[in-house]
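Asks:
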Amino acid sequence: MIGRGKAGVFSTILMILIVVAMLPVRAGGEEVRVNWLVEGNPGFFFDVAFSTCESGLHIYVAGFDSSAESGFPQMRVEKRLKSDGSLVKNWTYMPSEYGGLLYDCVIAGDRIYAAGAVYSVNESSWVILALDLDLNLLSLVNLTTIRGAAISTVCDQEFLYVAGISPTGSSEGVRVRKMRLSDLSLVKEYSSNLSDVNYAYDIALNPSGSQIWVVGNVNSEKWRVEILDKDLNLVKHLEADIGSSATSIGFDDDGYSYIVGDGGVLKLSGDAGEVKRYSQPVLFAKTLWLNNRLYVAGGESVGDYLRQVLYVFDRELNLLNRTVISMSMDADAMFLMGKMASDGENIYVAGLAYVGYYDYEWVVCSIKVGSYAAPWYVEYWYVLLALVAVMLAVSALLLLLMRRRKRLQQAPREEHPPEKEEQQGDTRPIG
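Going by our numbering, the first residue of the sequence shown is number 1412, and it counts up by one from there.
1. Can you name the start and end residues of the beta strand (DSSP E) that Ser-1477 belongs to?
2. Any idea what DSSP makes of Ala-1519, helix, strand or coil?
3. Using the C-alpha atoms, what's the distance from Gly-1767 back to Gln-1622?
4. Between which two residues does the beta strand (DSSP E) containing Arg-1491 stretch?
5. May I ask you to report which of helix, strand or coil DSSP gives Leu-1811?
6. Report the rounded CA-to-CA distance for His-1648 versus Gly-1454, giving the unit in angstroms.
7. Going by other Cβ atoms of all chains shown within 10 Å of its Cβ, with 16 needed for buried, is Thr-1579 buried or exposed?
8. In the DSSP assignment, find the unbroken beta strand (DSSP E) run with Val-1636 in it and report its ends.
9. So what's Leu-1544 in DSSP terms, helix, strand or just coil?
10. Mind checking whether Leu-1571 and Leu-1546 have CB atoms under 7 Å apart?
11. With the cut-off set at 7 Å, would you say Ala-1615 and Ile-1660 are in Cβ contact?
12. How about Val-1690 and Asp-1673: are their beta carbons less than 7 Å apart?
13. Ignore the nearest five residues each way along the sequence and tell me which others in Pro-1484's own chain have a CB closer than 8 Å to its CB.
14. According to DSSP, Ala-1525 sits in a beta bridge with which residue or residues?
15. What separation, rounded to the nearest whole angstrom, lies between the Cα atoms of Trp-1447 and Cys-1776?
16. Taking Cβ positions only, does Ala-1528 come closer than 7 Å to chain C?
17. With Pro-1692 as the anchor, note down where its beta strand (DSSP E) starts and where it stops.
18. Can you give me the Cβ contacts of Pro-1435 inside the same chain, cut-off strictly under 6 Å, excluding the 5 residues immediately before and after it?
19. Give the DSSP-derived three-state secondary structure of Met-1748 in the structure shown.
20. Please state if the CB of Val-1443 and the CB of Thr-1734 are separated by a distance shorter than 7 Å.
21. Would you kindly report the start and end of the unbroken beta strand (DSSP E) that includes Tyr-1572?
22. Cα-Cα, which of Lys-1750, Ser-1631 and Val-1774 is closest to Ser-1737?
23. Which of the three DSSP states is assigned to Arg-1726 in this structure?
24. Can you name the start and end residues of the beta strand (DSSP E) that Ser-1668 belongs to?
25. Please check the pair Phe-1528 and Trp-1537, which I expect to be a contact at CB under 8 Å, by giving their CB distance rounded to whole angstroms.
26. Can Met-1748 and Thr-1658 be called in contact, C-beta distance under 7 Å?
27. Rounded to a whole number of angstroms, what is the C-alpha to C-alpha distance between Asn-1628 and Arg-1635?
28. Please return the same chain residues whose Cβ sits closer than 8 Å to the Cβ of Cys-1566, not counting the five positions on each side in sequence.
29. Would you tell me roughly how many angstroms separate the C-alpha atoms of Asn-1729 and Leu-1810, rounded to the nearest one?
30. Go through its chain and collect everything with a Cβ distance to Val-1499's Cβ below 7 Å, but skip five positions before and after it.
31. Taking the alpha-carbon positions, what's the Leu-1694 to Leu-1798 distance?
32. Rounded to the nearest angstrom, what separates Ala-1761 and Val-1801 at their Cα positions?
33. I need the boundaries of the beta strand (DSSP E) containing Asn-1757, first residue and last residue.
Okay, structure coming up:
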């Protein structure tokens, strides 16, 4: 049987463990809240926003609008306040007689790098440019020898990596270009050169910064992922039958990748092994890992309209929250490819809405998200384990001391009675 002291000690330890295990996981603030949503209709025809990036008090939005003079698309970058979305400044540029557009932007230091396409009579070519944070054009590289479009960008401290599509013979393949941030000069180039038609919609660096991941599709039938090293050598590629195309990729702090696109979300390990997938007939367009949560911008039909929706997943791809962003609009609205931006507390995302009569407008919004850091007893589990181990060791020592003390207390009582009997025998009266 367990002694009263031993049972008390173990009961105390058990109660501590139960209390810790029952502590709730609390998020800082509301899960999702729309801070503001602004609409912009600078042109009279097609106006589409693709990507956002942020710096300081401002966000920058890249896309295109329709030129008032010609009706052709022209590059457009907007600078807006984070606080309320009000427009500070916009930059537009008509790169050719037939126009052009920007798909993506990224900020490095005090420069904005953007990528897109320049149109000619019957084809398009790559274009990469740099602006300062006040939207002054610093440099523009029109790669007329590379047909297709530059679609996605990412950078480290020295280089800019640009992914897109480029025709190769009778097909189209993925192309990745490595350029110096300082002057946009070419360092190296990679092309998939496959017989199939391959598209690249997003490029990202893994957390260690040692690999470049590019996601897109094969023949618009299945997802494709290509993994390159920093020198643009192909390390691995994989394909997945989930939907027509993958459109965006994000990484968590442990190196797992989360790829989203038409039909679902796919979680991969660092070596591109499938861990888990979430399948749903929804167009997931953009993704961002932030504060221990995966945020995915997509769209689905709600009522009479196509709505912009933000989905929140945990690491195991459990859907925690679904918030309709464009519910206040009486219009079809959606998100396309391109990056979301965040300052740690808010997410900034851009898309488009159809306002009628073949007229499309920009939609830019700020979304407040909670701080979903893991609870202290999960983040510092090793400290808790060490504390429990110390408590068990101290408890064992206390039990040992208690047993020894009990034996010492019992030992005199076993020897004392005979002496008492002997003393009693000596004093017994005679006669």
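Virtual Cβ for every residue (Gly too), placed ideally from N, Cα, C.
Replies: Short version:
1. Counted from its first residue, the sequence shown places residue 1477 at position 66. For Ser-1477, the enclosing beta strand (DSSP E) starts and ends at 1469-1477.
2. Within the sequence shown, the letter at position 108 stands for residue 1519. Of the three classes helix, strand and coil, the one that applies to Ala-1519 here is strand, per DSSP.
3. For this step, residue 1622 is matched to residue 211 along the sequence shown. For this step, residue 1767 is matched to residue 356 along the sequence shown. Each residue's Cα considered, the two are about 44 Å apart.
4. As a first step, residue 1491 is located in the sequence shown; it is residue number 80 there, counting from the start. Boundaries of the beta strand (DSSP E) harbouring Arg-1491: 1484-1492, taken from the DSSP string.
5. The residue you call residue 1811 lines up with position 400 of the sequence shown. Helix, per DSSP.
6. Position 237 of the sequence shown, counted from the start, is the residue given in the question as residue 1648. Position 43 of the sequence shown, counted from the start, is the residue given in the question as residue 1454. Distance between His-1648 and Gly-1454, taken at the CA atoms: about 41 Å.
7. Within the sequence shown, residue 1579 is the residue found at index 168, counting from 1. Buried: at least 16 other Cβ atoms inside 10 Å.
8. The residue you call residue 1636 lines up with position 225 of the sequence shown. 1633-1640 is the span of the beta strand (DSSP E), which, as asked, contains Val-1636.
9. As a first step, residue 1544 must be located in the sequence shown, where it is residue number 133. Under the three-state reduction of DSSP output, Leu-1544 falls in the coil class, being neither helix nor strand.
10. In the sequence shown, the residue the question calls residue 1571 occupies position 160. In the sequence shown, the residue the question calls residue 1546 occupies position 135. No. Outside cutoff.
11. The residue you call residue 1615 lines up with position 204 of the sequence shown. The residue you call residue 1660 lines up with position 249 of the sequence shown. Contact check for Ala-1615 against Ile-1660 passes: the beta carbons are separated by less than 7 Å.
12. As a position in the sequence shown, residue 1690 is number 279, starting the count at 1. As a position in the sequence shown, residue 1673 is number 262, starting the count at 1. Note that residue 1690 is Ser in the sequence shown here, rather than Val. Not a contact, by the Cβ cut-off of 7 Å.
13. Within the sequence shown, numbered from 1, the residue matching residue 1484 stands at position 73. Only Phe-1457, Phe-1475, Asp-1476, Ser-1477, Ser-1478, Gly-1510, Gly-1511, Leu-1512 and Tyr-1530 meet the Cβ criterion.
14. Your numbering for residue 1525 matches position 114 in the sequence shown. Per DSSP, Cys-1516 and Leu-1540.
15. Sequence index remark: in the sequence shown, residue 1447 carries index 36 (1-based). Sequence index remark: in the sequence shown, residue 1776 carries index 365 (1-based). Taking C-alpha positions only, Trp-1447 is separated from Cys-1776 by approximately 6 Å.
16. The question asks about chain C, but that chain is absent: this structure has only one protein chain.
17. Walking along the sequence shown from the start, residue 1692 turns up at place 281. Unbroken beta strand (DSSP E) run through Pro-1692: 1685-1701.
18. Residue mapping note: residue 1435 aligns to position 24 of the sequence shown, counting from 1. Interpretation of Pro-1435 is limited by its pLDDT of 39, a score under 50 that renders its predicted location unreliable; no figure is taken from the coordinates.
19. Working through the sequence shown from its first residue, we reach residue 1748 at position 337. Met-1748 falls in the coil class under three-state DSSP.
20. Here the question's residue 1734 lines up with position 323 in the sequence shown. Here the question's residue 1443 lines up with position 32 in the sequence shown. Less than 7 Å divides the Cβ of Thr-1734 from the Cβ of Val-1443.
21. Along the sequence shown, one-based indexing puts residue 1572 at 161. For Tyr-1572, the enclosing beta strand (DSSP E) begins and ends at 1570-1579.
22. Translated into the one-based positions of the sequence shown, residue 1737 becomes position 326. Ser-1737 has its Cα closest to that of Val-1774, out of Lys-1750, Ser-1631 and Val-1774.
23. On the sequence shown, position 315 is the one that residue 1726 refers to. Here Arg-1726 sits in coil by DSSP.
24. Stepping through the sequence shown from its first residue, residue 1668 is reached at position 257. Counting along the chain, the beta strand (DSSP E) containing Ser-1668 begins and ends at 1668-1679.
25. Looking up residue 1528 in the sequence shown gives position 117. Looking up residue 1537 in the sequence shown gives position 126. Residue identity check: residue 1528 is Ala in the sequence provided, not Phe. So it is a contact: roughly 7 Å between Cβ atoms.
26. For this step, residue 1748 is matched to residue 337 along the sequence shown. For this step, residue 1658 is matched to residue 247 along the sequence shown. With respect to Thr-1658, Met-1748 sits close: the two C-beta atoms are nearer than 7 Å.
27. Here residue 1628 is taken as the residue at index 217 of the sequence shown, counted from 1. Here residue 1635 is taken as the residue at index 224 of the sequence shown, counted from 1. In a straight line, the C-alpha of Asn-1628 is about 5 Å away from that of Arg-1635.
28. The residue you call residue 1566 lines up with position 155 of the sequence shown. Here Cys-1566 has Val-1517, Ala-1519, Tyr-1524, Tyr-1572 and Leu-1592 as same chain residues with Cβ atoms under 8 Å from its own Cβ, once five neighbours each way along the sequence are excluded.
29. Residue 1729 sits at position 318 when you count from the first residue of the sequence shown. Residue 1810 sits at position 399 when you count from the first residue of the sequence shown. Take the alpha-carbon of Asn-1729 and the one of Leu-1810: they are about 45 Å apart.
30. What you label residue 1499 is simply residue 88 of the sequence shown in a count that begins at 1. Apart from the 5 residues on each side of it in sequence, Val-1499 sits with its Cβ closer than 7 Å to the Cβ of His-1469, Lys-1490, Arg-1491 and Leu-1492 in its chain, given in chain order.
31. Taking the sequence shown and counting its residues from 1, one reaches residue 1694 at position 283. Taking the sequence shown and counting its residues from 1, one reaches residue 1798 at position 387. The straight-line gap from Cα to Cα measures roughly 47 Å.
32. Position 350 of the sequence shown holds residue 1761. Position 390 of the sequence shown holds residue 1801. Whole-angstrom Cα-Cα distance: 53 Å.
33. For the purposes of this step, residue 1757 is taken as residue 346 along the sequence shown, with counting starting at 1. First-last of the beta strand (DSSP E) with Asn-1757: 1757-1767.
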